[in-house]
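Just so you know, the sequence shown maps onto residues 920 to 983 in the working numbering.
Glycine included, C-beta positions come from ideal geometry on N, C-alpha and C.
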Amino acid sequence: MANVLEFIKDSYTEMSQKVTWPTWSQLQSSAIVVLVASIIIALLIFAMDKASSNVLELFYNIGS
């Protein structure tokens, strides 16, 4: 049990004194980068899905 308490104390010390936390403006700019990247990836996946759907639809319509 003493090891668990020591771990919690050490974790608190590290999180409160040794970690360099980002500023609010750094956090906002990182969030914007993640948002833009997520939108771009979603649009790419949407385009690939539509393209493959159209190709398969064309393939199955020709075969009928």
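{"Check": "Between which two residues does the alpha helix (DSSP H) holding E933 run?", "Outcome": "Run containing E933: none; DSSP gives neither H nor E here."}
{"Check": "Reducing DSSP to helix, strand and coil, say where M920 ends up.", "Outcome": "coil"}
{"Check": "If you draw a straight line from the C-alpha of L924 to the C-alpha of A956, how long is it?", "Outcome": "41 Å"}
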